[in-house]
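Heads up, the thing below is written out as structure tokens.
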Amino acid sequence: MTFYRQVGEIPPKRHTQFRNADGGLYYEELMGEEGFSSDSSLLYHSGVPSAIVDSQIWELPDLATVPNHPLTPRHLKLHDLFGDTSASNVVEHRRLVLGNGDVRISYVVAEQPSPYYRNAIGDECVYIEKGTASVETVFGVLQAVEGDYVIIPRATTHRWLPGPNGVHAYCIEANSHIAPPKRYLSRYGQFLEHSPYCERDLHGPTEPFTVEGTDVEVLVKHRGHGPSGIVGSRMTYATHPFDVVGWDGCLYPYTFNVSDYEPITGRIHQPPPVHQVFEGYNFVICNFVPRKVDYHPLSVPVPYYHSNVDSDEVMFYCGGDYEARKGSGIALGSISLHPGGYAHGPQPSSIEASLGAERFEELAVMVDTFRPLELGEGGLSVDDGVYAYTWAGRRLHP
Numbered sequence: 001m002t003f004y005r006q007v008g009e010i011p012p013k014r015h016t017q018f019r020n021a022d023g024g025l026y027y028e029e030l031m032g033e034e035g036f037s038s039d040s041s042l043l044y045h046s047g048v049p050s051a052i053v054d055s056q057i058w059e060l061p062d063l064a065t066v067p068n069h070p071l072t073p074r075h076l077k078l079h080d081l082f083g084d085t086s087a088s089n090v091v092e093h094r095r096l097v098l099g100n101g102d103v104r105i106s107y108v109v110a111e112q113p114s115p116y117y118r119n120a121i122g123d124e125c126v127y128i129e130k131g132t133a134s135v136e137t138v139f140g141v142l143q144a145v146e147g148d149y150v151i152i153p154r155a156t157t158h159r160w161l162p163g164p165n166g167v168h169a170y171c172i173e174a175n176s177h178i179a180p181p182k183r184y185l186s187r188y189g190q191f192l193e194h195s196p197y198c199e200r201d202l203h204g205p206t207e208p209f210t211v212e213g214t215d216v217e218v219l220v221k222h223r224g225h226g227p228s229g230i231v232g233s234r235m236t237y238a239t240h241p242f243d244v245v246g247w248d249g250c251l252y253p254y255t256f257n258v259s260d261y262e263p264i265t266g267r268i269h270q271p272p273p274v275h276q277v278f279e280g281y282n283f284v285i286c287n288f289v290p291r292k293v294d295y296h297p298l299s300v301p302v303p304y305y306h307s308n309v310d311s312d313e314v315m316f317y318c319g320g321d322y323e324a325r326k327g328s329g330i331a332l333g334s335i336s337l338h339p340g341g342y343a344h345g346p347q348p349s350s351i352e353a354s355l356g357a358e359r360f361e362e363l364a365v366m367v368d369t370f371r372p373l374e375l376g377e378g379g380l381s382v383d384d385g386v387y388a389y390t391w392a393g394r395r396l397h398p
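In UniProt numbering, the protein residues as written are 1 to 398.
Laid out in structure tokens, this is it:
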């Protein structure tokens with residue numbers, strides 16, 4: 001993300017003395033990616049950002065996964081994961097659905113404010129399926145609404161405050177950074193004319209959010225030697241992390257709403273990469289939005305059958321009516337997993353039914369991974385067990 005922003009008070013030149021009204025120095029923090037070789041921001045703290053007074057173990061929720069073996073396409077019904085959510089928060093009550101060494105996909109329905117939280121493993125992309133939330137961060141506050149992607153860079157201290165009706169969040173946690181696809185950007189980082197969105201559609205913090213306090217606990221997810229290679233710590237800071245009076249740079253959290261994505265269409269069916277919105281290491285994120293469909297007189301609007309020879313495909317159905325899956329049991333809140341090595345495509349009845357269609361009113365978020373995905377405890381608990389056999393209409397071994 002190389003779109004420069006300046007928020008709050010900063011000195012005229014970096015790495016120089018910057019003092020408060022009483023003459024005391026502010027403490028400058030460089031937050032940067034890839035050492036000192038990629039995007040960064042400079043933040044100016046009232047307190048020392050390194051000053052901790054305690055560190056304890058944070059016992060993470062179950063992050064264990066099991067292989068998708070024997071190889072099976074899956075239908076996971078995410079809306080069955082949560083009942084009473086009055087005590088749930090976005091950070092501690094995520095349930096792992098799918099994951100591998102590059103990315104983890106979880107789901108949460110929450111009504112309570114979360115603890116302060118920092119993911120030191122990688123960037124997070126949180127899609128707001130339903131509801132609203134304020135996301136307080138060390139950079140300022142983001143207002144997240146239905147349809148927003150909330151992009152939170154690695155090691156950004158933040159917390160989630162759900163709106164009055166709670167929030168349903170689809171959480172994509174990377175072991176890398178998450179950014180717009182390189183093909184959308186100039187060599188200097190500006191969005192190009194063929195991109196389906198641009199800088200005007202990205203909404204970052206606009207003013208500082210400063211909070212006073214002492215002995216503030218922050219839950220930190222970081223690299224370690226647990227079964228998943230991920231462990232947690234509870235770090236207590238002498239002063240509040242949200243003591244930043246100003247910052248500038250090209251690294252910060254932001255929101256992007258799926259309704260601002262301009263779909264790319266053609267006379268015949270377009271391949272999934274035209275729907276791409278973000279990318280991480282060894283995975284991509286796409287979104288299928290309401291759009292005009294193929295307009296060749298003999299076009300078949302639903303996708304052709306295709307083999308994922310290099311990737312697993314995960315589709316989260318979050319709006320409208322997804323034409324290609326009619327008759328399969330897929331509904332809003334469903335995930336379909338089509339693993340590499342398996343040829344998949346539309347339900348047979350949906351092919352003829354789609355002929356002559358001029359528009360699809362559908363909304364889905366897709367993640368394609370280039371290493372096999374395994375099933376987390378959440379995914380295992382809501383697998384419908386029959387989706388794999390809906391194309392044939394029968395199952396050999398009940």
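All residues carry an ideal CB built from backbone N, CA and C; glycine is no exception.
| query | Helix or strand or just coil, what does DSSP make of Glu136? | reply | The count along the sequence shown starts at 1 and reaches residue 136 at position 136. When secondary structure is reduced to three states using DSSP, Glu136 falls in the strand class.
| In the DSSP assignment, what are the bridge partners of Cys286? | Translated into the one-based positions of the sequence shown, residue 286 becomes position 286. Bridge partners of Cys286: Gln276, Met366.
| message | Buried or exposed, going by whether 16 or more other CB atoms sit within 10 Å of the CB of Asp39? | response | Locating residue 39 in the sequence shown gives position 39, where the first residue counts as 1. By the neighbour-count rule (16 or more Cβ atoms within 10 Å), Asp39 is buried.
| query | Hey, quick one: how far does the alpha helix (DSSP H) through Leu380 stretch, first residue to last? | reply | Start at 1 with the first residue of the sequence shown, and residue 380 comes out as number 380. Per DSSP, Leu380 belongs to the alpha helix (DSSP H) from 377-381.
| Would Ile121 be called buried (16 or more neighbouring beta carbons within 10 Å of its own) or exposed? | The residue labelled residue 121 in the question sits at position 121 within the sequence shown. Counting of Cβ neighbours within 10 angstroms places Ile121 among the buried residues, the total reaching 16 or more.
| request: On a CA-only basis, which of Asp294, His338, Gly249 is nearest Ile268? Give me that one, please. | output: Position 268 of the sequence shown, counted from the start, is the residue given in the question as residue 268. Of the residues Asp294, His338, Gly249, the one whose Cα lies closest to the Cα of Ile268 is Asp294.
| query | For Ser176, which residues of its own chain have a beta-carbon under 6 Å away from its beta-carbon, when the five flanking residues on both sides are left out? | reply | Sequence index remark: in the sequence shown, residue 176 carries index 176 (1-based). Contacts found: Gly122, Gly280, Tyr281.
| Span of the alpha helix (DSSP H) around Leu353 | Within the sequence shown, residue 353 is the residue found at index 353, counting from 1. Strictly speaking, residue 353 in this sequence is Ala, with Leu absent from that position. Start and end: 348-354.
| task | Using 7 Å as the cut-off, classify the Cβ of Leu202 as near or not near the heavy atoms of the ligand NAD, replying yes or no. | result | You won't find the ligand NAD in this model; it holds no ligand whatsoever.
| message | Please return the same chain residues whose Cβ sits closer than 6 Å to the Cβ of Ser307, not counting the five positions on each side in sequence. | response | Mapped onto the sequence shown, residue 307 falls at position 307. Residues Ala343 of the same chain have their beta carbon placed closer than 6 Å to that of Ser307, with the five preceding and five following residues left out of the count.
| said: According to DSSP, simplified to helix, strand and coil, what is Val293? | reply: As a first step, residue 293 must be located in the sequence shown, where it is residue number 293. Coil.
| said: Taking a contact to mean a Cβ-Cβ separation below 8 Å, would you say Cys125 touches Ile178 in this structure? | reply: As a first step, residue 125 is located in the sequence shown; it is residue number 125 there, counting from the start. As a first step, residue 178 is located in the sequence shown; it is residue number 178 there, counting from the start. If you check the CB distance, Cys125 and Ile178 come in under 8 Å.
| Can you tell me the Cα-Cα spacing of Gly340 and Asp312, whole angstroms? | Along the sequence shown, one-based indexing puts residue 340 at 340. Along the sequence shown, one-based indexing puts residue 312 at 312. Spanning the two alpha carbons is a distance of roughly 5 Å.
| Among His168, Ser37, Arg118, His158, which has the Cα closest to the Cα of Gly333? | As a position in the sequence shown, residue 333 is number 333, starting the count at 1. Closest option to Gly333, Cα to Cα, is His168.
| Contact under 8 Å by Cβ, Ser228 with Val220 | For the purposes of this step, residue 228 is identified with residue 228 of the sequence shown, where counting begins at 1. For the purposes of this step, residue 220 is identified with residue 220 of the sequence shown, where counting begins at 1. If you check the CB distance, Ser228 and Val220 do not come in under 8 Å.
| request: Compare the Cα-Cα distances from Asp384 to each of Ile335, Gln347, Gly140 and report the closest residue. | output: Stepping through the sequence shown from its first residue, residue 384 is reached at position 384. Ranking Ile335, Gln347, Gly140 by Cα distance to Asp384 puts Ile335 first.
| Inter-residue Cα distance where the pair is His93 and Trp247 | On the sequence shown, position 93 is the one that residue 93 refers to. On the sequence shown, position 247 is the one that residue 247 refers to. If you take the alpha carbons of His93 and Trp247, they lie about 31 Å apart.
| Residues bridged to Cys171 [DSSP beta-bridge criterion] | Here residue 171 corresponds to residue number 171 of the sequence shown, with the count starting at 1. Partner(s): Ser106, Val126.
| If Pro297 sits next to Phe360, beta carbons under 8 Å apart, how far is it from one beta carbon to the other, in whole angstroms? | Here residue 297 refers to the residue found at position 297 when the sequence shown is read from its first residue. Here residue 360 refers to the residue found at position 360 when the sequence shown is read from its first residue. No, Pro297 and Phe360 are not in contact; Cβ-Cβ is about 18 Å, not under 8 Å.
| task | Report buried or exposed for Tyr184, applying the criterion of at least 16 other Cβ atoms within 10 angstroms of its Cβ. | result | Against the sequence shown, residue 184 aligns to sequence position 184. Taking every protein chain shown into account, the CB of Tyr184 has 16 or more other CB atoms within 10 angstroms, so this residue is buried.
| field | Span separating the alpha-carbon of Thr85 from that of Val108 | value | Here residue 85 refers to the residue found at position 85 of the sequence shown. Here residue 108 refers to the residue found at position 108 of the sequence shown. Their Cα atoms are separated by approximately 9 Å.
| query | Using 8 Å as the Cβ pair cut-off and three pairs as the minimum, do the segment 260-274 and the segment 53-60 touch? | reply | Result no; under three Cβ-Cβ pairs closer than 8 Å.
| Cross-strand partners of Gln6 (DSSP beta bridge) | Here residue 6 refers to the residue found at position 6 when the sequence shown is read from its first residue. Gln6 is bridged to Asp248.
| query | In the DSSP assignment, what are the bridge partners of His75? | reply | Working through the sequence shown from its first residue, we reach residue 75 at position 75. His75 is bridged to Ser336.
| task | Output the distance between the C-alpha atoms of Pro67 and Gly224, rounded to the nearest integer angstrom. | result | Residue mapping note: residue 67 aligns to position 67 of the sequence shown, counting from 1. Residue mapping note: residue 224 aligns to position 224 of the sequence shown, counting from 1. Counting only the Cα atoms, Gly224 lies some 22 Å from Pro67.
| said: Going by DSSP in three states, Lys13 sits in which element: helix, strand or coil? | reply: Taking the sequence shown and counting its residues from 1, one reaches residue 13 at position 13. In this structure, Lys13 counts as coil in the three-state DSSP scheme.
| request: Tell me Ser307's beta-bridge partners as DSSP assigns them. | output: Here the question's residue 307 lines up with position 307 in the sequence shown. The bridge partners DSSP lists for Ser307 are Ala343.
| Asp312 (DSSP reduced to helix, strand or coil) | Here residue 312 corresponds to residue number 312 of the sequence shown, with the count starting at 1. In this structure, Asp312 counts as strand in the three-state DSSP scheme.
| query | Mapping DSSP to helix, strand and coil, what is Val300? | reply | Residue mapping note: residue 300 aligns to position 300 of the sequence shown, counting from 1. Three-state DSSP puts Val300 in coil, outside helix and strand.
| task | Return the first residue and the last residue of the beta strand (DSSP E) that Ile52 is part of. | result | Within the sequence shown, residue 52 is the residue found at index 52, counting from 1. Per DSSP, Ile52 is one residue of the beta strand (DSSP E) stretching across 52-58.
| message | On the DSSP letters alone, give me the boundaries of the beta strand (DSSP E) that residue 406 sits inside. | response | A query on residue 406 cannot be resolved here, the shown segment of the chain reaching from 1 to 398 and no further.
| According to DSSP, residues forming a beta bridge with Gln143 | To locate residue 143, count along the sequence shown from 1; it is residue 143. Answer is Ser134.
| request: Could you check what DSSP says for Arg200 in three-state terms: helix, strand or coil? | output: In the sequence shown, counting from the first residue as 1, residue 200 sits at position 200. DSSP places Arg200 within a helical segment (H, G or I) once states are collapsed to three.
| Considering only the beta carbon of each residue, do Pro115 and Glu212 sit closer than 8 Å? | For the purposes of this step, residue 115 is taken as the residue at position 115 of the sequence shown. For the purposes of this step, residue 212 is taken as the residue at position 212 of the sequence shown. Not closer than 8 Å, so no.
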